[in-house]
């Protein structure tokens, strides 16, 4: 099969004040994008093969994307790029990220410098959310590094690429359950667990989590959930039921201006605030369940 002569590059971002809950990236994929990558200042970018493109007008792309999103403004830019090797398009600007004293997240084509005791997670950009290019993922990873203890049993709600579940396993968790509602993300999460050699401890399950389904999961030493605030608040009673006394909960996916309300909701069901991570416009927080 011959390669396209050129690609349409579509860049899109939500207007200031509109919460990016992941639907913009999903919309770009649904409209034919090969993969999505987050750039600086909230821009998502994807590439479409020329044969699959019926318009390069930014205003028409904006109208199409708006149908997938909550009310609010959206900016769109379109441009043509001559063909290069597809893999090379995604390597630009992506390099290993050191997020803590020991944690490094890297794409597979890089060989990061490793120090004694470093934990390295290998995840490439792709169709499932989560590769340390987003502030919510980075915040969760930093808080996980401080929370996970060897032998912990951990639950990841809204696993996406599986990066948080993989991190928990690499930090020493003996059993990790990764729940994800999107069937398209499941193969990616499984592949990533295998690539990071933790598939024996990370179980990926397709599930649209509810309060009832979470309660059936039993108790965990720690739970992490990186999803939009409206969903988090609805799941809080179930999340409270899954965290053992003295265990921890990490919540993310919350813009800075909404964090106080999110933390108040967590306190209402019995969680005690423990730490907050700030990354640009995003906030992630760790809470404790009362008990020994």
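In my numbering, the protein residues as written are 2 to 293. Just so it is clear, CB atoms sit at the ideal spot from N, CA and C, and this is done for glycine as well. These figures come from a predicted structure and were not determined experimentally.
Identity of the residues DSSP links to residue i by a beta bridge
i, result
"residue 38", "46"
"residue 104", "120"
"residue 253", "227"
"residue 221", "244"
"residue 77", "13"
"residue 98", "106"
Boundaries of the alpha helix (DSSP H) in which residue i is found, first to last residue
i, result
"residue 142", "136-148"
"residue 260", "260-269"
"residue 125", "Note, residue 125: premise wrong, no alpha helix (DSSP H); not H, not E."
"residue 154", "Here residue 154 belongs to no alpha helix (DSSP H); instead the beta strand (DSSP E) covers 154-158."
"residue 188", "187-196"
"residue 180", "Counting along the chain, residue 180 falls outside any alpha helix (DSSP H), though it belongs to the beta strand (DSSP E) covering 176-181."
"residue 169", "164-171"
"residue 65", "59-67"
Buried or exposed (CB count within 10 angstroms, at least 16 for buried), residue i
i, result
"residue 27", "buried"
"residue 206", "exposed"
"residue 294", "Any answer about residue 294 is impossible in this case: the structure gives the chain only from 2 up to 293."
"residue 81", "exposed"
"residue 344", "With the chain covering 2 to 293 only, the question about residue 344 has no answer from this structure."
"residue 195", "exposed"
"residue 108", "buried"
"residue 209", "exposed"
"residue 61", "exposed"
"residue 181", "buried"
"residue 8", "buried"
"residue 134", "buried"
"residue 56", "exposed"
"residue 115", "exposed"
"residue 43", "buried"
"residue 163", "buried"
"residue 125", "buried"
"residue 261", "exposed"
Cutoff 6 Å; reference residue i; Cβ partners in own chain excluding five residues on either side
i, result
"residue 16", "73 and 74"
"residue 268", "none"
"residue 171", "120"
"residue 289", "249, 273 and 275"
"residue 263", "230 and 255"
"residue 244", "224, 250 and 290"
"residue 174", "149, 153 and 155"
"residue 241", "270 and 271"
"residue 292", "246 and 247"
"residue 278", "140, 143, 144 and 285"
"residue 83", "7"
Extent of the continuous beta strand (DSSP E) run through residue i
i, result
"residue 228", "Careful: residue 228 lies outside any beta strand (DSSP E) and carries neither H nor E."
"residue 9", "7-15"
"residue 24", "Element bounds for residue 24: not the beta strand (DSSP E) but the alpha helix (DSSP H), 24-31."
"residue 216", "From DSSP, residue 216 is part of no beta strand (DSSP E) but of the alpha helix (DSSP H) over 212-216."
"residue 286", "283-289"
"residue 276", "273-280"
"residue 312", "An answer regarding residue 312 cannot be provided, because it is not within the stretch 2 to 293 covered by the chain."
"residue 206", "203-207"
Same chain, Cβ closer than 7 Å to residue i, five either side skipped, listed in chain order
i, result
"residue 113", "97, 105, 107 and 121"
"residue 238", "212 and 270"
"residue 281", "136"
"residue 259", "230"
"residue 123", "107, 109, 196 and 197"
"residue 187", "181, 205 and 207"
"residue 87", "In this prediction, residue 87 scores a pLDDT of 48, lower than 50, which makes its location untrustworthy; the coordinate-derived value is nonetheless stated afterwards. Nothing listed; no residue qualifies."
"residue 118", "103"
8 Å CB neighbourhood of residue i in its chain, flanking five on each side removed
i, result
"residue 25", "13, 14, 15, 45, 66, 69, 70 and 75"
"residue 58", "79"
"residue 34", "11, 47, 48 and 49"
"residue 351", "Since the first residue shown for the chain is 2 and the last is 293, residue 351 is missing from the structure and cannot be characterised."
I'd like to know if the segment 206-222 and the segment 134-146 are in contact, where contact means that at least 3 CB-CB pairs between them fall below 8 Å.
no
Is there contact here, the segment 163-178 with the segment 187-204, by at least three beta-carbon pairs under 8 Å?
yes
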